[in-house]
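Everything below concerns the one structure shown next.
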């Protein structure tokens, strides 16, 4: 009997070992097939060591593949082969270029706990076979091209903690069974075509922390139950058609940090229980039909950084208690029926960046202390009933990007101190007031300003010639004043429509049809006389300069021989001293293995010490050419002092650079390495010999080889568009899209540079604040003025 039992155990053991070996061979064969079909970079040549391959992890005591992370590699091909890895628990295929239907065979991976297919181009429906993945805790299929309804077969995924289907074209309603997923913490279905109401059962999910359903066609009321469990932290329901009131139960969720319910059809008042949410950071309820007074209980939300109640029907005065919100950065109350004065308590809001009280019925005067707020960049008080003078202290708003005071009852003159606001960039609007007196010549100092509107006042005198200093001006309006004399010859003026200068009876010259007549001819003769006089002086001066120059050259030539002999002996000493003074490298690496032998980091640092190696200077950095001892040439980007703060977070910076180096796209410049010394960061890139697009366009007349024809221009435009589209797909917003940041390789293929700046400045965000980054001067998308965010549409 004992012998029989032993025999059985041996046979079973042999069979188990045989099955184990076959399974391991199956994983090995599957990975080899995946490597061949998807061309995964970084996978080794030895198939027997597949558990050590990059992005592959096997079980602790087995050779079964349990984790496969192929995210962010821009892979294409057939992912069906992955379904042969039967022991997979974690599968991440996000941020690639996979197309076609999601393979139903992935539903056979019964051990799977984590599945991320987001940010691809998968099309068709969500496979019903996913209902077989009963152990799944994380499912993300967002940002694809999926259509159809959310299949009911997924109701069996009872262990789901995160369920994300946003950014597709899904239709139908939110399934009722979502309310039965008792472990659900995150549910996002935004930017789809979903209809119907939020299932009441969703309010019964006790663990729910994040609910994001924005940009659908959902209707009905916001369920009270969503708040009753008290664990909700983020609620985003913007751009739907919700009706009814915001439930009083919202106050139960003391941990709520963000409530975004704008662009709906909500009515009623804001419940006073809002003051119970001590951790509230964002509250947006703009573009609804809310009414009543703005509740003072908002002042109890001490962490509030954004309060947006624009475009509603609020009445009464602005609560002075809002001045207690020391963390407040944006206060947007425009488009209501508020009256009274601007509360003096606002003057202590030291972090306030944007104050938008436009389109109300506010009266009183502009407090002269208003510009005591040190971070104020947007001041919008237009379309009110504000009276009195514009205070001269307005010039203390040194960081202001936009000033809107139009359509009020302001009197007096335009303070010349406005010319001190050198950062004004988006707009200066003083139109439709009762301002009089001359236009201050000091406005000409506003060289970044894009839009100037002083129309419909009672301004007198001439348009100052010094306004030609407004080099960024794109849009002007001087109409309906009492201005006289000729319109200055200035391109932004002459390119403006007649209507921009009409209504000034004594104003003449282009673009107006009325000529200035005889006075024009006299001025022309005076101008010619001045020019002739200057020419004579220039000729005499040139003769003297030539004589002096020749004399100096002769003297220098005689001194040169003596200096050369002395310098020859010193050159060796100088070079040795430079070598000795070169700063010590704190950290540095080259990300690509095949380049590590050819790049000398000490040589990189030395190259940036010489001005002769500087190729260009951009918004965020200077670029140097570095020739390695091996003969290799690399471009080195030296971050300017404004960005050196990132070196204080060295590990975070290195991780971001490593991730960015793995981005693979034909039209992007990605970092190949970095060096950090003292408080300086150097980023290494492939050297591109043909300069940038700005040089190609603007130097084409100087160099015969720079002759871009229309097919080349089209190819460059398409290339840049493809690079930007890829960045947006992987949630990176470029902070400075300009011709100087479009580089050209040896075949004039365009590649987009400066992409790493977008992540190094603030890696945690998908949008960048224009309040901290203005980029290159030029066109500014209008939406930046209202959102203060650099966004993907703005990039385009």
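Numbering (mature numbering (1 follows the signal peptide of the UniProt record, and there is no 0)), first residue to last: -23 to -1, 1 to 773. Ideal Cβ placement from N, Cα and C applies to all residues, glycine included.
task: Keeping to the same chain, check which residues put their C-beta closer than 6 Å to that of residue 287; ignore five residues upstream and five downstream.
output: Within the same chain, residue 287 has close Cβ partners 263, 309, 311 and 312.
- prompt: Ends of the alpha helix (DSSP H) at residue 583?
  reply: In the DSSP assignment, residue 583 falls within the alpha helix (DSSP H) that extends over 578 to 584.
Reference residue 414, options 438, 427, 421 and 99, closest by Cα: Distance from the Cα of residue 414 is smallest, within the candidate group 438, 427, 421 and 99, for 438.
message: For residue 580 and residue 610, what's the separation of their Cα atoms in angstroms?
response: If you take the alpha carbons of residue 580 and residue 610, they lie about 11 Å apart.
query: Candidates 112, 111, 316 and 95: which alpha carbon is nearest residue 123's?
result: Closest option to residue 123, Cα to Cα, is 95.
- request: Pick out whichever of 211, 209, 186 and 174 has its Cα sitting closest to the Cα of residue 198.
  value: Closest by alpha carbon: 174.
task: Consult DSSP for residue 647 and reduce its assignment to one of helix, strand or coil.
output: The DSSP-derived three-state label of residue 647 is coil.
task: Determine the contact status of residue 389 and residue 412, defining contact as a CB-CB distance below 9 Å.
output: Yes.
message: Is any non-hydrogen atom of the ligand GDP found closer than 8 Å to the C-beta of residue 344, if you look at the structure I gave you?
response: Among the components of this structure there are no ligands whatsoever, and the ligand GDP is therefore not found.
- request: Would you mind working out which of 402, 398, 352 and 367 sits nearest residue 410, comparing C-alpha positions?
  value: Nearest C-alpha to residue 410: 367.
- prompt: Mapping DSSP to helix, strand and coil, what is residue 44?
  reply: DSSP places residue 44 within a strand segment (E or B) once states are collapsed to three.
- prompt: Roughly how many angstroms separate the alpha carbons of residue 616 and residue 139, rounded to a whole number?
  reply: The alpha-carbon atoms of residue 616 and residue 139 are separated by roughly 39 Å.
field: Nonlocal neighbours in the same chain, by C-beta distance under 8 Å from residue 19, ignoring five residues either side
entry: In the same chain as residue 19, and ignoring 5 residues on each side of it, the C-beta atoms closer than 8 Å to its own belong to 30, 31 and 32, in chain order.
message: Assuming residue 202 is part of the alpha helix (DSSP H), what are its boundary residues?
response: Per DSSP, residue 202 belongs to the alpha helix (DSSP H) from 202 to 205.
message: Please tell me whether residue 649 and residue 721 are closer than 9 Å, where the distance is taken between their beta carbons.
response: Contact flag unset, no.
task: For residue 587, count neighbouring C-beta atoms within 10 Å of its own C-beta (all shown protein chains included) and say buried if the count is 16 or more, exposed if not.
output: Exposed, because fewer than 16 other Cβ atoms sit within 10 Å of the Cβ of residue 587.
field: Assumed close pair residue 486, residue 457 - CB separation to whole angstroms, cut-off 8 Å
entry: About 18 Å; that fails the 8 Å criterion.
query: If you draw a straight line from the C-alpha of residue 338 to the C-alpha of residue 362, how long is it?
result: The alpha-carbon atoms of residue 338 and residue 362 are separated by roughly 6 Å.
task: Return the residue from the list 245, 278, 241 and 270 that minimises the CA-CA distance to residue 259.
output: Checked all of 245, 278, 241 and 270; the closest Cα to residue 259 is 278.
query: With C-beta atoms as the reference, is residue 407 less than 9 Å away from residue 387?
result: Contact flag set, yes.
Helix, strand or coil at residue 331 [DSSP, three-state]: DSSP places residue 331 in strand when its eight states are reduced to three.
task: Would you mind working out which of 208, 646 and 565 sits nearest residue 657, comparing C-alpha positions?
output: If we check each option's Cα against that of residue 657, 565 comes out closest.
- prompt: Between the C-alpha atoms of residue 488 and residue 466, what's the straight-line distance to the nearest angstrom?
  reply: Cα to Cα, residue 488 sits roughly 10 Å from residue 466.
query: To which residues of the same chain is residue 452 closer than 6 Å at the C-beta, ignoring the five residues directly before and after it?
result: Only 428 meet the Cβ criterion.
Coarse secondary structure for residue 557, derived from DSSP in three states: The predicted position of residue 557 is uncertain, since its pLDDT is 47 and thus under 50; no value can be drawn from it.
field: Cβ-based burial, residue 16 [other Cβ within 10 Å; buried from 16]
entry: When all chains shown are included, residue 16 counts as exposed.
Range covered by the beta strand (DSSP E) that runs through residue 468: Unbroken run through residue 468 is the alpha helix (DSSP H), 468 to 471; no beta strand (DSSP E).
- prompt: residue 99: which of 74, 86 and 88 sits nearest, CA to CA?
  reply: Of 74, 86 and 88, the residue nearest in Cα terms is 74.
field: Cross-strand partners of residue 653 (DSSP beta bridge)
entry: For residue 653, which the question treats as bridged, DSSP gives the partners 564 and 658.
field: Start-to-end residues for the beta strand (DSSP E) that takes in residue 363
entry: Annotation: residue 363 is outside any beta strand (DSSP E) and is labelled neither H nor E by DSSP.
field: Cβ distance (whole Å) where residue 80 is taken to contact residue 60 below 8 Å
entry: Sure, about 6 Å apart at Cβ, within 8 Å.
- request: Rounded to whole angstroms, what's the CA-CA distance from residue 212 to residue 464? Just pull it up for me.
  value: Approximately 54 Å, taken between the alpha carbons.
- request: May I ask you to verify whether the stretch 341 to 350 touches the stretch 316 to 324, counting CB pairs closer than 8 Å and requiring at least 3?
  value: With the cut-off at 8 Å, the stretch 341 to 350 and the stretch 316 to 324 touch.
query: Can you give the Cα-Cα distance for residue 401 and residue 48, rounded to whole angstroms?
result: Residue 401 and residue 48 have their alpha carbons spaced roughly 42 Å apart.
message: Using only CA atoms, which one of 42, 223 and 206 lies nearest to residue 214?
response: For the residues 42, 223 and 206, the minimum Cα distance to residue 214 belongs to 223.
- prompt: Among residues of its own chain, excluding the 5 on either side of residue 249, which ones have a beta-carbon nearer than 7 Å to its beta-carbon?
  reply: Closer than 7 Å at the Cβ level, and outside the excluded window around residue 249, lie 272 and 274.
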